[in-house]
Each structure stands twice: as C-alpha cells, then as structure tokens.
Amino acid sequence: MNNSLALPINLSVGTFDSYLNLIGRMPRLSAEQEHELAVRYRDNEDLEAARQLVMSNLRFVAHIARGFSGYGLPLADIVQEGNIGLMKAVKRFDPDMGVRLVSFAVHWIKAEIHEYVIKNWRMVKVATTKAQRKLFFNLRKMKKDTSTLSPDDAEAIAENLDVDVKTVYEMERRLDGHDVSLEPSGDDDDTSIAPIAYLEQHGADPAVILENSNWENRQEDLLMDALENLDDRSRDILTSRWLSEEKSTLHDLAARYNVSAERIRQLEQNAMKKLKAAFVIAA
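If you read the sequence shown in numbering that gives the first Met the number 0, its first letter stands for residue 0, the second for the next number, and so on.
Below, the structure is given as structure tokens:
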C-alpha cells in the first residue's frame with residue numbers, strides 16, 4: 000500500500016470511542032462484493048477498491064486489538080498497528096483462492112500488533128513467562144527493603160506466589176539491573192569499555208539470524224492458520240498422520256471414519272494441496 004490509501008480516520012485518544020462507533024456502522028461486504036473489489040485492486044490497482052476492503056474490515060481489527068488491551072499500551076495505538084497489518088493483507092490477498100479476506104488477514108493483523116507490543120511494552124524485556132510476570136508485579140512490594148533477598152525471604156515469596164526460588168532470584172536480578180548503552184555516550188571516547196567492543200560474535204550475521212528466526216516463526220504461523228481453515232475431518236487426518244507423536248496409518252483413519260484407506264489418502268492429498276496453496280498466497 001502507499002500513502003494514497005491512508006485511512007481517513009484519526010485515532011487520537013479523544014476520538015477513539017467515536018472511531019469505534021464509526022467503524023461499527025460501516026456496512027459489511029458480501030462474499031461477491033469482496034471478490035469484485037479484490038479483483039479490481041489486483042488487476043487494475045484500483046485504490047478505491049482497496050480502501051473499501053480495508054474500511055469494511057476495520058471492526059475486525061478492533062476486535063483482535065481488544066485481546067491485547069492488558070499490556071498497558073494505548074488501545075488506539077494497538078488498533079492503528081493492526082490496521083497496518085490489514086492493509087498489508089489487502090495488498091497480498093488473492094480473490095481466486097476461495098477464502099474471505101478476514102481469514103487471510105488474521106496473521107498480518109496479529110503480526111503487526113505483536114511487533115508493536117514487543118517494541119513498546121517494557122515488561123517484555125523483564126519478564127517473559129507467566130511466573131516471571133507474576134513476580135514482576137509483586138516482587139518489589141513483597142521485599143521488606145531494597146537490600147538483596149535473604150534465603151528466608153526468597154523462600155516465603157516463592158511459596159506465596161507458587162514459583163521456584165530460583166525464579167525469584169532471577170527476577171530480582173532483572174529488576175535490579177539497568178539498561179546499558181551499546182555504544183559509548185557523552186564525551187567518553189574510550190570504546191574499549193563499551194559493550195559494542197566486546198560483544199561481537201564472529202561468524203554470525205545478526206541480520207541473517209533474525210531473518211531465519213522470523214522465517215521459521217512465519218512458517219509455523221502460516222501452517223497453524225492454514226490448518227484452521229480446513230474442515231474438521233481434513234484437519235484431523237493431517238494432524239494424526241503428520242503432527243502427532245504417535246502417527247496414525249491410513250487404515251487407522253479409515254476405521255475411525257468408516258471409509259476406505261484410499262478415501263483417506265485422497266482426503267489427505269486434497270488437504271495438503273490446500274496447505275500448499277496457503278503458503279503460495281503468503282509468499
């Protein structure tokens with residue numbers, strides 16, 4: 000998308016309730032209308048068609064964004080990031096695949112919101128597990144003073160919050176730590192004591208590592224989304240055949256569904272084609 004598709008709605012805090020009311024009144028598109036608009040945008044780069052596709056699905060973005068309201072970030076900002084994901088989805092949407100835009104856009108919307116939360120939510124840098132998040136909110140007020148926890152205090156806190164003592168000590172270190180600039184700051188020209196001078200990892204390109212990690216996460220998300228779009232029987236067949244620890248045979252599944260093994264094989268092949276098609280769309 001380019002700037003000419005910018006949304007004509009201001010998501011400032013003062014007008015956010017009005018924004019939600021406005022998008023709630025926007026008409027929903029039928030499957031036929033959505034397909035027609037998507038074809039117009041794909042074949043003719045009709046930005047008005049793309050704008051209608053985006054506007055008609057803004058309520059869906061707001062619905063997803065509400066699930067991230069517990070992170071202490073402005074809901075209006077979360078919605079705005081989700082809207083960016085929706086626009087990216089519209090740009091990549093293929094109307095001939097036989098799925099609604101909403102189903103295709105889920106990944107793109109959540110991906111943009113996840114990225115925003117990770118970059119802006121301070122707690123992500125301190126606490127990543129459920130137990131750590133519990134400690135994050137309770138450890139400071141449960142410590143008797145600002146000194147290091149005694150073994151008795153750590154044991155009491157661990158028992159009270161139902162976590163390991165090791166986790167208590169780990170969170171205490173994180174909370175007592177502070178951010179360190181990667182590069183020298185101020186008038187200090189001595190780069191030898193800055194982390195950038197001694198944290199280099201030879202033979203590893205951070206860009207490549209990040210790209211590979213993002214690619215693996217993306218592939219996993221695509222697989223889960225594609226499986227969700229299958230019918231129950233096809234999803235069960237693929238899961239039983241390929242994703243379960245104890246994999247089922249064609250004959251096992253044939254007995255389960257009271258059909259022939261050949262029919263199970265056909266269903267499996269058809270489901271595989273749908274999964275591959277989903278990956279092609281996102282490429």
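Backbone N, C-alpha and C define an ideal beta-carbon position, used for all residues, glycine too.
Have a look at residue i and residue j and give me their C-alpha separation to the nearest angstrom.
| i | j | result |
| --- | --- | --- |
| L266 | S259 | 11 angstroms |
| L276 | E44 | Checking the sequence, you will find Ala at residue 276 rather than Leu. Straight-line Cα distance between these residues: approximately 23 angstroms. |
| E31 | R91 | 18 angstroms |
| Q218 | A254 | 32 angstroms |
| R262 | D235 | 14 angstroms |
| S247 | M223 | 20 angstroms |
| Y256 | D231 | 12 angstroms |
| L100 | L148 | 53 angstroms |
| L10 | L252 | Residue placement at L10 is poorly supported in this model, since its pLDDT is 49, which falls under 50; the coordinates are not used for a value here. |
| F283 | A157 | In the structure displayed, the chain extends from 0 to 282; residue 283 sits before or after that span and is not available. |
| R41 | R50 | 13 angstroms |
| N216 | A110 | 10 angstroms |
| R39 | R264 | 38 angstroms |
| S17 | R24 | 11 angstroms |
| L55 | R65 | Checking the sequence, you will find Ser at residue 55 rather than Leu. About 18 angstroms. |
| S29 | R240 | 36 angstroms |
| A37 | L249 | 39 angstroms |
Span of the alpha helix (DSSP H) holding residue i?
| i | result |
| --- | --- |
| R255 | L249 to Y256 |
| F59 | L57 to R65 |
| R232 | D231 to L237 |
| R24 | Taken as a continuous stretch (DSSP letters only), R24 belongs to no alpha helix (DSSP H), as it is neither H nor E. |
| G81 | L74 to R91 |
| N43 | A30 to N43 |
| D152 | P150 to L160 |
Is residue i close to the ligand GTP? I mean its beta-carbon at under 8 angstroms from any heavy atom of the ligand.
| i | result |
| --- | --- |
| E261 | Because no ligand of any kind appears in the structure shown, any question about the ligand GTP cannot be addressed here. |
If you compare alpha carbons, which of the options is closest to residue i?
| i | options | result |
| --- | --- | --- |
| M96 | H34, R50 and E171 | H34 |
| N269 | L52, I63, L229 and A253 | L229 |
| N159 | E171, I236 and M141 | M141 |
| I63 | L36, L19, F92 and A30 | L19 |
| R58 | Q32, P26 and V38 | P26 |
| K272 | S102, L242, L237 and D251 | L237 |
| L242 | H250, L226, T14 and D251 | L226 |
| F67 | N137, L148, H113 and L100 | H113 |
| L274 | E244, S239, N137 and S233 | S233 |
| T14 | Y40, A75, R39 and L28 | A75 |
| L134 | E171, E111, D151 and A110 | E171 |
Ignore the nearest five residues each way along the sequence and tell me which others in residue i's own chain have a CB closer than 7 angstroms to its CB.
| i | result |
| --- | --- |
| V60 | V78, G81, N82, L85 and I108 |
| A153 | V164, V167 and Y168 |
| N137 | L160 |
| V98 | N228 |
| E245 | none |
| I22 | L57, R58 and A61 |
| A155 | none |
If I measure Cβ to Cβ from residue i and keep anything under 6 angstroms in the same chain, skipping five residues before and after, which residues do I get?
| i | result |
| --- | --- |
| D220 | H106 |
| A48 | L36, R39 and Y40 |
Below 8 angstroms CB to CB, which residues in the same chain sit around residue i once its five sequence neighbours on both sides are set aside?
| i | result |
| --- | --- |
| D151 | none |
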